[in-house]
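Heads up: take any position in the first sequence, counting from 1, add 366, and you land on the working numbering.
Ideal placement from N, C-alpha and C gives every residue a C-beta, glycine not left out.
This one's a predicted model, so the numbers in the text were calculated from it and none came from an experiment.
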Amino acid sequence: MKIATWNVNSLKVRLPHLLQWVQESSPDIIALQETKLDDARFPHAEIEAAGYRSVYSGQKTYNGVAVLARQMITEVITDIPGLEDPQRRILAVTVGGLRVVNLYVVNGQAVGSEKYAYKLDWLSKVTAFLAEQLKCYPNMIVLGDFNIAPDDRDVHDPEAWRGAILCSDAERAALQTLLKLGFVDSFRTFHNEAGHFSWWDYRQGGFRRHRGLRIDLILLSDALRSRQLAATIDVAPRRWERPSDHTPALLELQA
DNA sequence: ATGGTGGGTTACCCA
Numbered sequence: 367m368k369i370a371t372w373n374v375n376s377l378k379v380r381l382p383h384l385l386q387w388v389q390e391s392s393p394d395i396i397a398l399q400e401t402k403l404d405d406a407r408f409p410h411a412e413i414e415a416a417g418y419r420s421v422y423s424g425q426k427t428y429n430g431v432a433v434l435a436r437q438m439i440t441e442v443i444t445d446i447p448g449l450e451d452p453q454r455r456i457l458a459v460t461v462g463g464l465r466v467v468n469l470y471v472v473n474g475q476a477v478g479s480e481k482y483a484y485k486l487d488w489l490s491k492v493t494a495f496l497a498e499q500l501k502c503y504p505n506m507i508v509l510g511d512f513n514i515a516p517d518d519r520d521v522h523d524p525e526a527w528r529g530a531i532l533c534s535d536a537e538r539a540a541l542q543t544l545l546k547l548g549f550v551d552s553f554r555t556f557h558n559e560a561g562h563f564s565w566w567d568y569r570q571g572g573f574r575r576h577r578g579l580r581i582d583l584i585l586l587s588d589a590l591r592s593r594q595l596a597a598t599i600d601v602a603p604r605r606w607e608r609p610s611d612h613t614p615a616l617l618e619l620q621a
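Next up, the structure:
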């Protein structure tokens, strides 16, 4: 069973990329972020034609998350209980006996900014929500664009990024608090070395110069750890014409 | 130190 996450940075622009990629990679479940589409404009027909059911929580211009799956999708949650938030950043679903929580974590703009405070608050509320979900659903996958590079191995130039947004101590501590609920960063089960990235800034030829971060993660609950078979990042779509600034991350689970 | 690019919309936007 293959599970993937991809921040497509506009599904309107990236629908051909998505269809191409699912045809080549045939994931069973794929979580999308930054669809930037109203639900009424979600291309469910094209996606269904490709063999996938879809659920989505979108908005115009910003944010927007979706989950596509070959199997039936049930028990959909689009909001964190107790958090009043128009920004469409979370989608929790059940597919094939797995609880799948798709996150588009707040970017935070700059350390110390209002958006940074919102990011840390949002993360603490998501963490509380996940703690509750784990009680009902031990087989859980939390994946998406975390907008946090977990440690220095996930950063092309750790010294240049030290303390900066996506890398600050408070963001990394918030991720560790979430992981301590009982999750593992699946990529690190298979790869220990530095230099694997999932996002490269469009500016200054970030991709060409290998200046990236690994901020797109697939976390597995402890109950699923023994089922991990492989975790990879597929860099190829970042080389395609008019790419997203993110590329897909994948996990293969024993069925 | 600045600004670079690419989504979106026409905004002292957001990444």
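Residue i - partner residues in DSSP beta bridges
{"i": "Asp582", "result": "Asp511"}
{"i": "His612", "result": "Trp565"}
{"i": "Ser391", "result": "None; Ser391 has no bridge partner."}
{"i": "Ser420", "result": "Leu434"}
{"i": "Leu457", "result": "Asn468"}
Residue i, enclosing alpha helix (DSSP H) - first and last residue
{"i": "Gln594", "result": "Counting along the chain, Gln594 falls outside any alpha helix (DSSP H), though it belongs to the beta strand (DSSP E) covering Gln594 to Ile599."}
{"i": "Glu537", "result": "Asp535 to Leu545"}
{"i": "Ser564", "result": "Per DSSP, Ser564 belongs to no alpha helix (DSSP H) and is neither H nor E."}
{"i": "Glu412", "result": "His410 to Ala415"}
Residue i: first and last residue of the uninterrupted beta strand (DSSP E) it sits in
{"i": "Trp606", "result": "First-last for Trp606: undefined, no H or E at that position."}
{"i": "Lys368", "result": "Lys368 to Asn373"}
{"i": "Glu525", "result": "Not the beta strand (DSSP E): Glu525 falls in the alpha helix (DSSP H), residues Pro524 to Trp527."}
{"i": "Arg465", "result": "Leu464 to Tyr470"}
{"i": "Thr444", "result": "That residue, Thr444, is in no beta strand (DSSP E); it is neither H nor E in DSSP."}
Integer-rounded CB distance, given that residue j should sit under 8 Å from residue i
{"i": "Leu532", "j": "Ile514", "result": "6 Å"}
{"i": "Phe408", "j": "Tyr422", "result": "5 Å"}
{"i": "Leu449", "j": "Thr493", "result": "Not a contact, Cβ separation roughly 12 Å."}
{"i": "Ala560", "j": "Arg519", "result": "4 Å"}
Classification of residue i by the beta-carbon crowding that lies within 10 angstroms, buried from 16 upward
{"i": "Phe556", "result": "exposed"}
{"i": "Glu618", "result": "buried"}
{"i": "Arg591", "result": "exposed"}
{"i": "Gln429", "result": "It is Asn, not Gln, that sits at residue 429 in the sequence shown. The residue in question, Asn429, is buried, as its Cβ has 16 or more Cβ neighbours within 10 Å."}
{"i": "Ala458", "result": "buried"}
{"i": "Glu441", "result": "exposed"}
{"i": "Asp582", "result": "buried"}
{"i": "Glu537", "result": "buried"}
{"i": "Gly510", "result": "buried"}
{"i": "Thr427", "result": "exposed"}
{"i": "Asp523", "result": "exposed"}
{"i": "Pro603", "result": "buried"}
{"i": "Ser650", "result": "No answer is possible for residue 650: it lies beyond the span of the chain, which begins at 367 and ends at 621."}
{"i": "Val433", "result": "buried"}
{"i": "Gln626", "result": "No answer is possible for residue 626: the residues shown for the chain start at 367 and end at 621."}
{"i": "Lys379", "result": "Note that residue 379 is Val in the sequence shown, not Lys. Counting Cβ neighbours within 10 Å, Val379 comes out exposed, since fewer than 16 surround it."}
{"i": "Arg455", "result": "buried"}
Coarse secondary structure for residue i, derived from DSSP in three states
{"i": "Tyr484", "result": "helix"}
{"i": "Ser490", "result": "helix"}
{"i": "Gln386", "result": "helix"}
{"i": "Gln399", "result": "strand"}
{"i": "Ala589", "result": "helix"}
{"i": "Asp551", "result": "strand"}
{"i": "Gly449", "result": "Sequence check: residue 449 is Leu here, not Gly. Reduced to three states, the DSSP call for Leu449 is coil."}
Proximity test, residue i beta-carbon vs the ligand SAH heavy atom, cut-off 7 Å
{"i": "Ser490", "result": "By its list of ligands, the structure shown contains no ligand whatsoever, and the ligand SAH lies outside what it can speak to."}
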